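*Asks:*
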Amino acid sequence: MHDRIAELRGLRAEHDRHTQSGDSDRAGQVATQIGRVTANVDAEIERLEDRAAELAELGQHFPAAERAEAARLLRAGLDELRLPAPAKRGTKQTAAAAPPAENTKGGE
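So, in structure tokens, the structure goes:
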């Protein structure tokens with residue numbers, strides 16, 4: 075199932091490429107593919123978590139832990155891809171300015 079995360083990474087790169095080149099039709103098609111694959115991964119995560127809970131109730135803790143870990147890894151991969159893309163090289167990204175310091179000297 076981790077190849078699904080790799081597939082999503084590739085689709086995201088393809089989407090970015092089409093968006094930057096102005097090919098909105100192809101970018102839309104790729105976005106649809108991204109949605110389909112993401113839904114499949116979400117369903118797999120849910121299936122793994124449900125099975126882990128069933129196995130834990132039966133006292134089969136090792137297989138339950140294996141499935142829970144597989145679900146955790148898939149979720150981490152998906153969460154990574156759901157974060158905004160990092161800034162491209164050569165673009166300016168500034169942090170928010172710190173609030174001004176309070177005047178702690180009396181009378182000024």
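Counting in our numbering, the sequence shown runs from 75 upward without gaps.
Each residue gets a CB set at the ideal place from its N, CA and C atoms; glycine is no exception.
All values derive from a computational prediction rather than experimental measurement.
#1: Does Asp153 come out as helix, strand or coil in the three-state DSSP assignment?
#2: Would you kindly report the start and end of the unbroken alpha helix (DSSP H) that includes Arg102?
#3: What residues in its chain sit with their C-beta under 6 Å from that of Leu129, if we drop five residues either side in the sequence?
#4: Below 6 Å CB to CB, which residues in the same chain sit around Ile79 once its five sequence neighbours on both sides are set aside?
#5: Chain D beta carbons: is any one of them nearer than 7 Å to that of Asp116?
*Replies:* On the basis of the supplied data:
#1: Three-state DSSP puts Asp153 in a helix.
#2: Going by the sequence as given, residue 102 is Gly instead of Arg. Its alpha helix (DSSP H) spans residues Ser98 to Glu131.
#3: Pro137 and Ala138
#4: Gly151
#5: Among the protein chains of the structure shown there is no chain D, as only one such chain exists.
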